[in-house]
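Visitor: Let me give you the structure first, and then I'll get to my questions.
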Amino acid sequence: MDKSEAEWRSAEARVADLAEALPRQVALAQGLPGYAALAGVDAGSVTGAEELAALPVLRKGALMEAQAARRPLGGLTTVEATGFTHLFQSPGPIYEPGMTNAEDWWRFAPFLRAVGIGAGDVVQNCFAYHLTPAGMMFDNGARAVGAAVIPAGTGQTELQVRAAADLGATAYAGTPDYLKVILEKADEMGVSLGITRAAVSGGALFPSLRDWYAERGITCLQCYATADLGNIAYESSPESGLIVAEGVVVEIVTPGTGDVVPEGEVGEVVVTTLNPDYPLIRFATGDLSAVLPGQSDCGRTNGRIKGWMGRADQTAKIKGMFVRPEQVAELVSRTGAAKARVTVTRDDERDVMAVAFESEGGSEATLAEAVREILKLSGEVTIHPLGSLPKDGKVIDDQRSYD
């Protein structure tokens, strides 16, 4: 079956295909040294969602432990590290493999087609290409749909504008708010750009920002993806919800458990990939979402989720980068502060981060350098007297509204 045809399969065909794919994937995982937790499982009996839900959940902490014990990929891949074309690093650190010589290895082509991107398009890809995998993920998907790619990466906004104009960019891929930065810089420079479609991820697409793009004639749709898993779900229209990508099985569970919640209830997103190179089984993302009933009006028949609804823990995605409580703890330890608190807000459709320290000494400049080094982001740094920060247990306070 052609990959594009799979998006319109009947419910009966989906059940039959899953009954073949799941036992094969579980058996692959059982043969890997990193999957001791699956010992004794009858792979042949795992033929559907109910049987899958009985298997243990793999959490990021366990993935990091596996990778520390078996460098570099934790004994969780069927391909040796040298057999992949790329190896990436995400905060943690967590290492992810990639295959850019395989067609649509991360499952982004259906999303790009839904946005309207294909042969004849020039995509300005503003996801990072260095260490993190997002740039290569979208690059791989764009090539699969026949589009040309400008590997722009992040930063150097004036050069981004010039490249988009000179090379005739028709589409954008990147975080939701960076396209606005490019367009405003183009206005400032008196340069007209031909971007009419945008495929975004790595942060929340706020309705006001989507409307701002629409007013400029740009269709902007989002997908939900992670560095470990690739594309998980995507929009085909602003009203569609997020359609689960082919090649993954998505469950919504009670946070901290593997227990599936009733349809419509908010819970943690757990994903099983059907990628034979990297068979992640019931991988817990730490993200919150909920199942949407029914199918999308576009005709794609896979299930839907509401999209990203926050974190099961206090981890926040800021300017496309995850900031985790463990990193805030490292900030405190490294700087000798008594306490630190990261606050995230929005200003002019952009994420704004501030870091408050409780400390008897130190300088804001020194603390700001530690923030950049450990969180990989810049933000306002302030020093406060001991005992003055809120005692509510929060180390990351996400004050952004997602309504």
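Using the working numbering, you'd call the opening residue of the sequence shown number 79 and step up by one each time.
The beta-carbon is built from N, C-alpha and C at its ideal position, and this holds for glycine as well.
1) Could you say which of P285, L106, G176 and V410 lies nearest to M214 if we only look at CA atoms?
2) Quick one: grab the DSSP three-state call for G345.
3) According to DSSP, is A368 part of a helix, a strand, or is it coil?
4) Could you give the distance in angstroms between the alpha-carbon of A277 and the alpha-carbon of L464?
5) For Q300, write down the residues that DSSP places opposite it in a beta bridge.
6) With DSSP as the reference, identify every bridge partner of Y291, one or two as the case may be.
7) Can the beta-carbon of I330 be found less than 8 Å from the beta-carbon of V347?
8) Compute the beta-carbon to beta-carbon distance between V459 and E442, rounded to the nearest angstrom, for a pair I have assumed lies under 8 Å.
9) Can you look up K472 in the DSSP assignment and give me helix, strand or coil?
10) The alpha helix (DSSP H) with E458 in it runs from where to where?
11) In whole angstroms, give me the CA-to-CA distance for A249 and S123.
12) Do S315 and C301 have their C-beta atoms closer together than 8 Å?
13) Fully enclosed by the region 229–282, which alpha helix (DSSP H) runs are 4 residues long or longer?
14) Just the Cα atoms here: how many angstroms apart are L96 and G372?
15) Note down the Cα distance separating P468 from A225, rounded to an integer number of angstroms.
16) Going by alpha carbons, who is nearest to Q358 out of G152, A91 and A94?
17) Which of the three DSSP states is assigned to R478 in this structure?
18) Between M79 and V259, what straight-line distance do the alpha-carbon atoms span, to the nearest angstrom?
19) Going by C-alpha to C-alpha distance, which of A121, T393 and R185 sits closest to L130?
20) Here's a check: name, in chain order, each residue in its chain whose Cβ is nearer than 6 Å to the Cβ of T421, leaving out the five neighbours to either side.
21) Here's the rule: buried if 16 or more other CB atoms are within 10 angstroms of the residue's CB, otherwise exposed. What is L209?
22) Among R389, W290 and R424, whose alpha-carbon lies nearest the alpha-carbon of G334?
23) Could you round the C-beta distance between A251 and C204 to whole angstroms and report it? I think they count as a contact, below 8 Å.
24) Where do the N-terminal and C-terminal ends of the beta strand (DSSP E) with I396 fall, by residue?
25) Quick one: grab the DSSP three-state call for E329.
26) By the three-class DSSP mapping on this structure, what secondary structure does M79 have?
27) Using the Cα positions of K138 and V269, report the straight-line distance between them to the nearest angstrom.
28) At 4 residues or longer, what runs of the alpha helix (DSSP H) sit wholly inside the region 378–422?
29) Starting from the C-beta of E324, find all residues in its chain whose C-beta is less than 8 Å away, skip the five residues before and the five after it, and write them out in chain order.
30) With a threshold of 8 Å, are at least 3 pairs of Cβ atoms found where one atom belongs to the region 283–303 and the other to the region 338–346?
31) Check the DSSP bridge columns for E174 and list the partner residues they point to.
32) Looking only at DSSP bridge pairs, what is Y312 linked to?
33) Could you tell me the alpha carbon to alpha carbon distance between P361 and P169, rounded to whole angstroms?
34) Beta-carbon within less than 6 Å of Y256's beta-carbon, same chain only, minus the 5 sequence neighbours each way: which residues are those?
35) So who's on the other strand from L130, going by DSSP bridges?
36) Identify whether L190 lies in helix, strand or coil by the three-state DSSP scheme.
Guide: Let's see:
1) G176
2) strand
3) coil
4) 45 Å
5) V278
6) Looking at the DSSP assignment, Y291 forms no beta bridge with any residue, so it has no partner.
7) yes
8) 5 Å
9) coil
10) From DSSP, E458 is part of no alpha helix (DSSP H) but of the beta strand (DSSP E) over E458 to H462.
11) 45 Å
12) no
13) 235–244 and 256–267
14) 19 Å
15) 50 Å
16) The sequence given here has Leu at residue 358, not Gln. Per the Cα distances, G152.
17) coil
18) For M79, the pLDDT reaches just 49, beneath the cut-off of 50, and the residue's location in the model is therefore unreliable, although a value from the coordinates is still provided. Between M79 and V259, the C-alpha separation is close to 41 Å.
19) A121
20) A432 and D475
21) exposed
22) R389
23) 7 Å
24) A394 to I396
25) strand
26) Bear in mind that a pLDDT of 49 at M79, under 50, signals an unreliable position, so the number given afterwards is only what the model happens to contain. Three-state result, M79: coil.
27) 44 Å
28) 403–413
29) K81, A84, E85, R185, P188 and N380
30) no
31) F166
32) C301 and I321
33) This sequence places Phe at residue 361; Pro is not what is there. For F361 and P169, the distance between alpha carbons rounds to 17 Å.
34) C204
35) Paired residue(s): none; L130 is not in a bridge.
36) helix
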